[in-house]
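Under this note's numbering, the first residue of the sequence shown carries the number 67, and numbering increases by one thereafter. The beta-carbon is built from N, C-alpha and C at its ideal position, and this holds for glycine as well.
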Amino acid sequence: MLVLRAMTQDELEARLPVLHEEYADDELRAGRDRPETVRSNVAALFRQLLPDGVATPGHLLFSGVDDGGAVVGWIWLALPGAKRPQAWVYEVQVDPPFRRRGFGRALVLAAEEELRSRGVSELGLNVFGHNVGARSLYESLGFSVKSITMAKDLA
Ligand SMILES: CC(C)(COP(=O)(O)OP(=O)(O)OC[C@H]1O[C@@H](n2cnc3c(N)ncnc32)[C@H](O)[C@@H]1OP(=O)(O)O)[C@@H](O)C(=O)NCCC(=O)NCCS
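Written out as structure tokens, the structure is:
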């Protein structure tokens, strides 16, 4: 139904603007940055995380390809390393026309299989509290909450 194939640098560059915008919106919605700085901070964060693009050591970027050969989304993983002892999902995205057809689930399950084959025993991720769809996806896949950030509006 879905296979992972290594993402090309061109594919990553085509996807980064969308990722930057969505992540900036999420940061603002979660109250973690200010409108005047969020976009430059997000761009800097991703440049720092992926200095060599798809060839950045310790990172795995895959496009998800369906039975008919169409690219339906992508997933970005980090292998365990100095930063954390488990592998990490930095991003998973299914392109809007393909959503709610099981591809998000298939992307994460295929990533788990890839990581298992590399001897990885744990996978973690962060998800914004307001991202109900992603939270529901991860919970249905067996992910459990390890920490929660809380905030209260004092206005
Ligand atoms: C989150 C995302 C990857 C899910 O992809 P998807 O292909 O639509 O997910 P699936 O079809 O595999 O859904 C699997 C399950 O996840 C849950 N789910 C997915 N989208 C949901 C939504 N919008 N609302 C509620 N539950 C949702 C459901 O439990 C669903 O099972 P069901 O369809 O049998 O009810 C996709 O919505 C997306 O790309 N969103 C934007 C990027 C994003 O937020 N990524 C996560 C970053 S942490």
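By a C-beta neighbour count over all protein chains shown, 10 Å radius and 16 as the cutoff for buried, is histidine 125 buried or exposed?
Taking the first residue of the sequence shown as 1, we reach residue 125 at position 59. The residue in question, histidine 125, is buried, as its Cβ has 16 or more Cβ neighbours within 10 Å.
Glutamine 159, DSSP secondary structure in three states
Within the sequence shown, the letter at position 93 stands for residue 159. If DSSP states are grouped into helix, strand and coil, glutamine 159 belongs with the strands.
Which runs of the beta strand (DSSP E) fall wholly inside the stretch 129-174 and span at least 3 residues, in chain order?
Every beta strand (DSSP E) of 3 residues or more that sits fully in the stretch 129-174 is shown, in chain order, as 137-144 and 153-160.
Quick check on leucine 116: does DSSP put it in helix, strand or coil?
Counting from 1 along the sequence shown, the entry for residue 116 is found at position 50. In the structure shown, leucine 116 sits in coil (DSSP, three-state: anything other than H, G, I, E or B).
Regarding arginine 166 and ligand 1, is the C-beta to nearest heavy atom distance less than 8 Å?
Along the sequence shown, read from residue 1 onward, the residue named residue 166 stands at position 100. Because some heavy atom of ligand 1 lies under 8 Å away, the Cβ of arginine 166 counts as near it: yes.
Beta strand (DSSP E) runs contained entirely in the stretch 178-207, provided each spans 3 or more residues:
Entirely contained in the stretch 178-207, the beta strand (DSSP E) runs reaching 3 residues are, in chain order, 189-191.
Just the C-alpha distance for serine 213 and aspartate 99, rounded to the nearest angstrom, thanks.
By 1-based counting over the sequence shown, the position of residue 213 is 147. By 1-based counting over the sequence shown, the position of residue 99 is 33. Roughly 20 Å between the two C-alpha positions.
Verify the contact flag: phenylalanine 128, CB atom, against every heavy atom of ligand 1, threshold strictly below 8 Å.
Position 62 of the sequence shown holds residue 128. Checking the Cβ of phenylalanine 128 against ligand 1 gives no.
Reference alanine 96; option with closest CA among Ser202, Phe194, Val211 and Phe209
Numbered from its first residue, the sequence shown carries residue 96 at position 30. Among Ser202, Phe194, Val211 and Phe209, the Cα nearest to that of alanine 96 belongs to Phe194.
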